[in-house]
Amino acid sequence: MNSERGRTPPYHPVPWLILTLVLQFASGCGKKGPPLPPLRRGPDRITAVSARQEGRSVVVTGILPNKSQDGGPLAPIVEVRVFRLDRGGLSGVPGEKVKSFQRSALRQFTKDARRISVASGESLGRSLSGRRFVSVDPEPLTGLIPEGGKEFTYALTAVDAEKRSAPLSSFAAIRIFPPPLPPGNLKAELAEKSVHLFWEPPSPQAQNEGPLYNVYRSEKEGLFLDRPRNDRPLSQPLFEETDFVFGRDYYYVVRSVVASGSASRESENSSPLRVSPRDVYAPAAPTGFAVSAEGNVVKLYWFPNEESDLAGYRIYRSESESEGFTEIARVGNAETSYVDKAATAGVKYYYCVTAVDRADPSNESSRSEVRGDRLPSPNPPARKNKPGKP
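Below, the structure is given as structure tokens:
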């Protein structure tokens, strides 16, 4: 019989130590180290995307984001990409939930759409007005446009300076039709407070109602990206512009508009018209003019003028009531009085005042009423009697 049988096996601590160290090492792998900075997300999606027809072109607009997707600060937008799907009718399977519908439409667009333009650098700057982005698809359909129209779908995305892309914007669907003809013979008449534009309607077309019109303005020739100057399409071939600055050049075009329900389409631009308002309109003559000799000076008074571009007043004096007036002083637009300290006692002077504006060259009003007065002559020295005479 083996004498070792029945004895307790000797205890070997090394394997257990190794196992303990392995477990500690494994548990240590799950310990959190210093917190990592949160991953920054790219720009939020472009919003308010819409498309409208302008002649044979499609104008796509959208509002660039002002924050990132996680609500944090936004890195500069350096690129905007425009995508087009050459059909419409994006739809999901009937009965699907909204999110499933959106996923289905997104898959269809992502699969079949193509990038048609990229705005960056100077082209991006020209396409922006504040955060409003405008892109022109010059001719999405070559050849004849079918009478029944052709559908297109557009979407936008933005890329920031760290090359992170925004999610695709919502879709802007449009059906383009043969465009209406543009108006002709655009002209302008200038007045002191308005520019009157008028034009000739296009040739009669086969449509149920007469054409409507939109008026566009730019300070750069050939660039008409802003909204129409009119709040709603005009039914008459005329427009009054009241928001302008003298001394600037403006360019105007007019487009015919055909409305169909909530959608509308525009013609190509009319021939552009350059309008250069110049201030040749003088202020009104000052009123309430009065003159008074007081002490050893002559004081002048008048009522203030109300022109918004008033620069000041000019003071004139003569020794004749009807001629020979010479300018003796100029005062600012806040002044309504003047003191003539150079008047000679005993001489009757006649005065008038005019108003001038800030135009270059300035416009001067006609003269106020003429008023005159004189300082009293000094008293002659008293005569002394000779001796012996009373």
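So the sequence shown is residues 461 to 850, counted in the working numbering.
Note that beta-carbon positions come from the ideal geometry of N, C-alpha and C, so glycine has one too.
Every value quoted in this text rests on a predicted model; they were computed, and no experiment measured them.
Item: Whole-angstrom distance between A633 and E556, CA atom to CA atom; Value: Bear in mind that the predicted position of E556 carries a pLDDT of just 46, short of 50, making it too unreliable to give a figure here.
Item: Buried or exposed by the 16-neighbour rule on C-beta atoms within 10 Å, applied to P643; Value: buried
Item: Under 8 angstroms between C-beta atoms of D703 and V757; Value: no
Item: Min CB distance P525 to chain B below 8 angstroms; Value: Annotation note: the requested chain B is absent from the structure, which comprises a single protein chain.
Item: Presumed contact (8 angstroms Cβ cut-off) between V542 and V520, rounded CB distance; Value: 6 angstroms
Item: C-alpha distance - I605 paired with I636, whole-angstrom precision; Value: 8 angstroms
Item: Beta-carbon proximity of L545 to F569, cut-off 8 angstroms; Value: yes
Item: When D620, A802, Y741, K647 are compared against S731, the one with the closest alpha-carbon; Value: K647
Item: Sequence ranges, beta strand (DSSP E) only - wholly within the region 564 to 589, length at least 3; Value: 574 to 580
Item: Identity of the residue in L760, D504, P638, F785 nearest Q513 by Cα; Value: P638
Item: Residue burial classification, R806 (beta-carbon count within 10 angstroms, cutoff 16); Value: It is Gly, not Arg, that sits at residue 806 in the sequence shown. Its Cβ having fewer than 16 others within 10 Å, G806 is exposed.
Item: Cα-Cα separation, L760 to S822; Value: 23 angstroms
Item: Contact the region 704 to 713 vs the region 602 to 619: 3+ CB pairs below 8 angstroms; Value: no
Item: C-beta atoms of S587 and A579 nearer than 8 angstroms; Value: yes
Item: Pair within 8 angstroms by beta-carbon distance, F785 and Y773; Value: no
Item: Same chain only: Cβ atoms within 7 angstroms of G502, ignoring 5 sequence neighbours per side; Value: S528, Q529, D620, R624, S625, A626
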